[in-house]
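Chemist:
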Ligand code: SF4
Ligand code: SF4
């Protein structure tokens, strides 16, 4: 009787690990995977459409230094982001896009708030 669980334990130990060593090995992502946003501050026209359409009040327009002077650009709180991509869809210049980057673990939750210059 006791042999059955021992045999099972040995069989499990002989299998390949079910988890991956991260970050050395990463999951392959699907084509439609939506990760951290990327912003091109030089082509953003400060229209604010992304902030207005965001369903979770994730985007705040903040003053940002660009080569065209100080402009209002989207700051994103990744902690609130649903990765729905509505902001990308509505952006008229396609300067705001969702990438396949999902690596954003932080020790301090304040680091989830990304200023426009950091969204690259
Ligand atoms: S992906 Fe969705 S939730 Fe995230 S910032 Fe864009 S509109 Fe808001
Ligand atoms: S990122 Fe796009 S939608 Fe948002 S303010 Fe800039 S141009 Fe407008």
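In the numbering used here, the protein residues as written are -15 to 104. Backbone N, C-alpha and C define an ideal beta-carbon position, used for all residues, glycine too.
Per DSSP, which one or two residues make a beta bridge with residue 21?
Modeler: Beta-bridge pairing by DSSP links residue 21 to 82.
Chemist: Have a look at residue 12 and residue 4 and give me their C-alpha separation to the nearest angstrom.
Modeler: One C-alpha to the other measures close to 12 Å.
Chemist: CB of residue 68 to nearest heavy atom of ligand 2: below 7 Å?
Modeler: The beta carbon of residue 68 sits no closer than 7 Å to any heavy atom of ligand 2.
Chemist: Determine which residues share a DSSP beta bridge with residue 45 and list them.
Modeler: According to DSSP, which records beta bridges pairwise, residue 45 is partnered with 58.
Chemist: Tell me, which residues are paired with residue 97 by DSSP?
Modeler: Note: residue 97 sits in a beta bridge opposite 61.
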